[in-house]
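I have placed the structure first, in the form of structure tokens, so that the comments after it can refer back to it.
Okay, structure coming up:
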């Protein structure tokens, strides 16, 4: 993937700029005001990968290209296995420079940019195991010559030419930089990049013969035709047609239908394929089924067209293309033309696409994805006078990072991102819950909750337009409820969808007042020994104990069996499970398993390890079937949604 990029005199970027894109995940957003340079990053990558015409900065147009030296230098993070021979040697050389460079290795004018890269590199190494990965800063300049931006310093001189080279030589010249061109071409061969600009025409983009759709499919129409119309079949056509011409010549005696040369022309493979593409594929346009009818994409609204592009990309990647491991998709403002109520679905689909690709990089003015996406990054682009400033947020702990950025920026950030992200998300929820066919929402604490709830309400996700969103803990649910309840009061007569906020009962309870709204529920789970079940109570209501997480409120029998499947991997935590005899009941899991406090402590330690909560939830839902009763609290929520 691309972890960042150096841009020099490209579009809005004057001078050299280092734009960090990610420090961990493949879902990468660029946010900021209009005209700040978000789409410039995506366009520059299209110039790099797909030969899009250069969009030079206005200073270049005044001073000339040779004076400003425009460059595009992405910083790649790629697996070592992609390379061999000389390519591997050059990749390892650049990786060595990138992992060792400091701000003292560059000229004074470049120190700030080197410092920005080093700070980014530190974050990257804290989050990613780089053992089998290479950091490769490599791009080209306006002439197409290889460029390594500020990494062209004494470090690379010594590594390429040897330490004994003249101490006054502090950079490689253009001729010496050419040694990186084969590696550059190899990277462009490895990585596919598709750019979807905001002003794209969906009717043209979605045609089967476009390069973008064929890249999404992972095969060209020519490759598809070579399998379905093989050379043998073309030979048979030629033989049959030749037979016809020969027969005709015999009938005409002294006349014959021939080509102008003595060498008679036959149908070539490409002739046949081009005819099929022109006559068969080009006449077919994307249609969307609505009821019993098929509507051509040109008949859809602007928002539906935008959604169609993401839907088609998602389906082709997940169902047709063998692997998207080498595909990067750049999307400019995917929320463009969408109604506010549809924004969440669009970004949720984008996140799912990023799971099937090397990377998804997008620009956006909709900040509602910030509190709802659990892994990813967002780079906030702002300006201080004429200089661009880049603040990258890791979405896994974006709330803490936003606080730090707000404090450290001293008012530099042009808006309160945290407030805007909540407001955008709340608007999406409220507007989507209005109407004859409203969306319904369950807002929960974390990703494991989403997995359990998505499995138990699988049928309602489609039939009731149910959306399940984790927001990162009880404190965030409290914050969200405050915003939702304010908006709800303004629209409560129009809201027909259900909005359910669901919290755990924590040892230190997050307490707040909840009003009795007809379609806005704010509940917490708490186990009840008397009924041997899990209750859903108001936040401020009794009981306030025992502490209850969703893992304590599952089907006891399935919980136990799933837990047993981890014993071999974690014997020191779970070997005591073999001591349990007899049938485990299907009551709530914490109640069904009559264990000692010390044994529950071991289970809690198991869940706190690595990614065990997530792994357990996936394995639990895989085991769900009619043999296991559905927890009563799930049925209660189902009743609210019905």
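In this note's numbering, the protein residues as written are 253 to 894. Even for Gly, the Cβ is constructed at its ideal location relative to N, Cα and C.
Alpha carbon to alpha carbon, what distance is there between residue j and residue i?
i	j	result
residue 287	residue 892	45 Å
residue 367	residue 273	16 Å
residue 471	residue 622	34 Å
residue 299	residue 585	19 Å
residue 646	residue 376	11 Å
residue 395	residue 748	60 Å
residue 742	residue 882	36 Å
residue 806	residue 685	29 Å
residue 338	residue 362	30 Å
residue 902	residue 756	Here the chain covers residues 253 to 894 and nothing more, so residue 902 does not appear.
residue 436	residue 876	49 Å
residue 279	residue 489	49 Å
residue 814	residue 759	25 Å
residue 835	residue 816	14 Å
residue 662	residue 709	Residue placement at residue 662 is flagged as unreliable, the pLDDT there being 49, under the threshold of 50; a coordinate-derived value is accordingly withheld.
residue 315	residue 321	10 Å
residue 625	residue 722	8 Å
residue 461	residue 865	45 Å
residue 431	residue 524	41 Å
residue 487	residue 481	10 Å
residue 744	residue 689	16 Å
residue 666	residue 283	Note that residue 666 scores 48 on pLDDT, short of 50, meaning its location in the model is unreliable and no value can be drawn from it.
residue 499	residue 507	12 Å
residue 791	residue 768	11 Å
May I ask you to report which of helix, strand or coil DSSP gives residue i?
i	result
residue 846	coil
residue 353	coil
residue 341	helix
residue 585	coil
residue 610	strand
residue 719	strand
residue 707	helix
residue 781	coil
residue 628	coil
residue 459	coil
residue 599	helix
residue 800	strand
residue 826	helix
residue 553	coil
residue 508	coil
residue 273	coil
residue 542	strand
residue 517	coil
residue 644	strand
residue 563	helix
residue 577	strand
Tell me whether residue i is buried or exposed, calling it buried when 16 or more other Cβ atoms sit within 10 Å of its Cβ.
i	result
residue 693	buried
residue 879	exposed
residue 277	buried
residue 737	buried
residue 477	buried
residue 383	exposed
residue 803	buried
residue 848	exposed
residue 544	exposed
residue 418	exposed
residue 270	buried
residue 335	buried
residue 701	buried
residue 532	exposed
residue 671	exposed
Heavy atom of the ligand HEM less than 7 Å from the Cβ of residue i, yes or no?
i	result
residue 350	No copy of the ligand HEM appears in this structure; indeed no ligand is present at all.
Inter-stretch contact (C-beta, 8 Å, three-pair minimum) for the region 627–645 and the region 264–274: Yes, since at least three Cβ pairs between the region 627–645 and the region 264–274 fall closer than 8 Å, the two stretches touch.
Uninterrupted alpha helix (DSSP H) stretches inside the region 357–434 (no shorter than 4 residues): 363–379, 406–413, 426–429
Inter-stretch contact (C-beta, 8 Å, three-pair minimum) for the region 777–790 and the region 870–889: Yes, since at least three Cβ pairs between the region 777–790 and the region 870–889 fall closer than 8 Å, the two stretches touch.
Segment contact flag, the region 508–521 with the region 476–494, C-beta cutoff 8 Å, min 3 pairs: yes
Three or more C-beta pairs below 8 Å linking the region 703–713 and the region 725–733: No, the region 703–713 is not in contact with the region 725–733.
The region 457–471 contacting the region 562–572, beta-carbon criterion three pairs below 8 Å: yes
contact_flag[the region 671–679, the region 611–626] where n(CB pairs < 8 Å) is 3 or more: At 8 Å Cβ cutoff, the stretches touch.
Stretch-stretch touch, CB-based, cutoff 8 Å, three pairs: the region 401–409 with the region 350–358: yes
Three or more C-beta pairs below 8 Å linking the region 761–772 and the region 790–802: yes
Runs of beta strand (DSSP E) lying entirely within the region 732–797, each at least 3 residues, in chain order: The qualifying runs are 751–755, 772–780, 785–790.
Validate contact between the region 452–459 and the region 549–563 using beta carbons, cut 8 Å, 3 pairs: At 8 Å Cβ cutoff, the stretches touch.
Every unbroken beta strand (DSSP E) inside the region 855–882 [3 residues or more]: none
Validate contact between the region 407–418 and the region 440–450 using beta carbons, cut 8 Å, 3 pairs: no
Those runs of the beta strand (DSSP E) which lie wholly inside the region 271–333 and span at least 3 residues: As summarised for the region 271–333, the continuous beta strand (DSSP E) elements at least 3 residues long and confined to that stretch are 279–284, 323–331, given in chain order.
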